[in-house]
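Chemist: Numbering (the numbering used here), first residue to last: 409 to 789. For each residue, glycine too, the CB sits at the ideal point set by N, CA and C. Below are the structure tokens for one structure; questions will follow.
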């Protein structure tokens, strides 16, 4: 692990590395990097193979056409030899990128072995393989299939020293920080392009506690901090509040516009929360599609004001932006407080969940507070 490197934005490391993976958050970044690798392989006289979604071959061709049309007109004296070669041989470049399809890792590498054995040594020096991992495996079922793939991959590279480079591409939303740390053992480095969450990771321990898409803390860490904060609040006779937020109707956005748009909403809403709250407030991804905010030394009345402020900023800035103005989404918020509602960490979460469910029964933006029977009073220790 001490030899592990993280490359941010320097694509030359992705091209030259033998054991490098690519981590991306959005399809557009993945396509841009594929085009880059595609061109680099062509100019390096490498045969390129793609293990992934076959539709991406056409998307790459369209991306190359778009790049060509956006290039400014220049005199021949301003065009390099490589640029002339690329402009003249677009069809050859597309044909150099071959798709391999298989039902499992073993079959995949058997087919790849056959392809490499039949490479024309007079035309190509070696092979470059790009693997789209989330397409090869059902990542919703965890990383078990990937670990089997990694074993086959390692055996394959040992049998073919110097003949092939394999670049594995991971979509970060499918992985927890713990899963990613396990995968790091297979690589010398990880290349990350335009992944906003990476700026919030300072070390491997923190990576295991954070959500890969947004950079917010995960539910496990939130629960740990709730216990710690209530213990501290009891000791110093202070208070703390928990806010749980649900972006309602996000499933409809996912159905109509796809996961990429939902990911964009989550990333930008996470930034909105960061800019609206104190540094001491802990923001986390709480379950799927939920956000949790733990606020130390915050009364119930104060937490209600903060919830109202978040809704106001969401309405006036987030939904009024051109990117999200057409979406009919709203914020539902549930709030619980120590010691007004409970003196136990587990109950603080349960009561905030119950308040959120009440809020979701109403139309539009809504905040609901946890409530107790009128004869309940916070017990003294």
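How far does the beta strand (DSSP E) with residue 439 in it extend, from its first residue to its last?
Modeler: Start at 1 with the first residue of the chain shown, and residue 439 comes out as number 31. Where residue 439 is concerned, there is no enclosing beta strand (DSSP E), although the alpha helix (DSSP H) it sits in stretches over 435-451.
Chemist: Less than 9 Å between the beta carbons of residue 578 and residue 449, yes or no?
Modeler: As a first step, residue 578 must be located in the chain shown, where it is residue number 170. As a first step, residue 449 must be located in the chain shown, where it is residue number 41. No; because the gap between Cβ atoms is not below 9 Å, this pair is not in contact.
Chemist: First and last residue of the alpha helix (DSSP H) that includes residue 717?
Modeler: Translated into the one-based positions of the chain shown, residue 717 becomes position 309. Taken as a continuous stretch (DSSP letters only), the alpha helix (DSSP H) holding residue 717 covers 708-721.
Chemist: For residue 428, name the three-state secondary structure that DSSP assigns.
Modeler: Counting from one through the chain shown, the residue named residue 428 turns up at place 20. Of the three classes helix, strand and coil, the one that applies to residue 428 here is strand, per DSSP.
Chemist: If you draw a straight line from the alpha carbon of residue 625 to that of residue 682, how long is it in whole angstroms?
Modeler: Your numbering for residue 625 matches position 217 in the chain shown. Your numbering for residue 682 matches position 274 in the chain shown. So the alpha carbons of these two residues sit roughly 12 Å apart.
Chemist: Taking its Cβ as the centre, do 16 or more other Cβ atoms sit within 10 Å of residue 770, making it buried, or is it exposed?
Modeler: Residue 770 sits at position 362 when you count from the first residue of the chain shown. Label assigned to residue 770: exposed.
Chemist: Where residue 638 and residue 753 are concerned, what is the direct C-alpha to C-alpha distance, given to the nearest angstrom?
Modeler: The count along the chain shown starts at 1 and reaches residue 638 at position 230. The count along the chain shown starts at 1 and reaches residue 753 at position 345. Roughly 7 Å between the two C-alpha positions.
Chemist: Find out if the Cβ-Cβ distance for the pair residue 454, residue 561 is shorter than 9 Å.
Modeler: Against the chain shown, residue 454 aligns to sequence position 46. Against the chain shown, residue 561 aligns to sequence position 153. No.
Chemist: Using 10 angstroms around the beta-carbon of residue 619, count the other beta-carbons present and answer buried if the total reaches 16, otherwise exposed.
Modeler: Your numbering for residue 619 matches position 211 in the chain shown. Buried.
Chemist: The alpha helix (DSSP H) spanning residue 678 covers which residue range?
Modeler: The sequence position of residue 678 within the chain shown is 270, counting from 1. 667-684 is the span of the alpha helix (DSSP H), which, as asked, contains residue 678.
Chemist: When you compare each of 680, 679, 705, 696 to residue 688 by their alpha carbons, which one comes out closest?
Modeler: What you label residue 688 is simply residue 280 of the chain shown in a count that begins at 1. Among 680, 679, 705, 696, the Cα nearest to that of residue 688 is on 705.
Chemist: Measuring alpha carbon to alpha carbon, tell me which of 739, 668, 749 ends up nearest residue 718.
Modeler: Here residue 718 is taken as the residue at index 310 of the chain shown, counted from 1. Checked all of 739, 668, 749; the closest Cα to residue 718 is 739.
Chemist: Within 10 angstroms of the Cβ of residue 722, are there 16 or more other Cβ atoms? Answer buried if so, exposed if not.
Modeler: As a working note, residue 722 is residue 314 in the chain shown. Under this definition residue 722 is a buried residue.
Chemist: Would residue 507 and residue 465 qualify as a contact pair, given that the criterion is a beta-carbon distance under 9 Å?
Modeler: Locating residue 507 in the chain shown gives position 99, counting from the first residue. Locating residue 465 in the chain shown gives position 57, counting from the first residue. In contact: residue 507 and residue 465 (Cβ atoms closer than 9 Å).
Chemist: What is the rounded straight-line gap between the Cα of residue 694 and the Cα of residue 658?
Modeler: Start at 1 with the first residue of the chain shown, and residue 694 comes out as number 286. Start at 1 with the first residue of the chain shown, and residue 658 comes out as number 250. Rounded to the nearest angstrom, the two C-alpha atoms are 15 Å apart.
Chemist: Three-state secondary structure (DSSP) at residue 524?
Modeler: Position 116 of the chain shown, counting from 1, holds the residue named residue 524. Three-state DSSP puts residue 524 in a helix.
Chemist: Is DSSP giving residue 625 helix, strand or coil here?
Modeler: As a working note, residue 625 is residue 217 in the chain shown. If DSSP states are grouped into helix, strand and coil, residue 625 belongs with the strands.
Chemist: Going by CA-CA distance only, name the one from 757, 437, 431, 768 that's closest to residue 632.
Modeler: If you number the chain shown from 1, residue 632 lands on position 224. Nearest of 757, 437, 431, 768 to residue 632, Cα basis: 757.
Chemist: DSSP three-state label for residue 594, please.
Modeler: For the purposes of this step, residue 594 is taken as the residue at position 186 of the chain shown. The answer is coil: DSSP assigns residue 594 none of H, G, I, E or B.
Chemist: Give me the Cβ distance between residue 432 and residue 580, rounded to the nearest whole Å; I'm assuming they're in contact under 8 Å.
Modeler: Your numbering for residue 432 matches position 24 in the chain shown. Your numbering for residue 580 matches position 172 in the chain shown. Confirmed, Cβ separation roughly 7 Å.
Chemist: When DSSP labels each residue in this structure, what does residue 619 get in the three-state scheme?
Modeler: Within the chain shown, residue 619 is the residue found at index 211, counting from 1. Strand.
Chemist: Taking the C-alpha atoms as reference points, what is the distance between residue 696 and residue 655?
Modeler: Against the chain shown, residue 696 aligns to sequence position 288. Against the chain shown, residue 655 aligns to sequence position 247. For residue 696 and residue 655, the distance between alpha carbons rounds to 11 Å.
Chemist: Can the beta-carbon of residue 567 be found less than 9 Å from the beta-carbon of residue 513?
Modeler: Taking the first residue of the chain shown as 1, we reach residue 567 at position 159. Taking the first residue of the chain shown as 1, we reach residue 513 at position 105. Not closer than 9 Å, so no.
Chemist: Please name the residue, chosen from 677, 701, 673, that lies closest to residue 686 on a Cα-to-Cα basis.
Modeler: Here residue 686 corresponds to residue number 278 of the chain shown, with the count starting at 1. Of 677, 701, 673, the residue nearest in Cα terms is 701.
Chemist: Measure the alpha-carbon distance for residue 708 versus residue 436 and round it to whole angstroms.
Modeler: Sequence index remark: in the chain shown, residue 708 carries index 300 (1-based). Sequence index remark: in the chain shown, residue 436 carries index 28 (1-based). Cα to Cα, the separation comes out at about 43 Å.
Chemist: Taking 9 Å as the threshold (C-beta atoms), are residue 653 and residue 599 in contact?
Modeler: In the chain shown, the residue the question calls residue 599 occupies position 191. In the chain shown, the residue the question calls residue 653 occupies position 245. No, the pair does not count as a contact, with Cβ atoms beyond the cut-off.
Chemist: Report the partner residues of residue 534 according to the DSSP bridge assignment.
Modeler: The count along the chain shown starts at 1 and reaches residue 534 at position 126. Beta-bridge pairing links residue 534 to 454.
Chemist: Quick check on the burial criterion: 16 or more other C-beta atoms within 10 angstroms. Buried or exposed for residue 663?
Modeler: As a position in the chain shown, residue 663 is number 255, starting the count at 1. Its Cβ having fewer than 16 others within 10 Å, residue 663 is exposed.
Chemist: Quick check on the DSSP output: the beta strand (DSSP E) that includes residue 812 runs from which residue to which?
Modeler: This structure gives no information on residue 812, because the portion of the chain shown stretches from 409 to 789.
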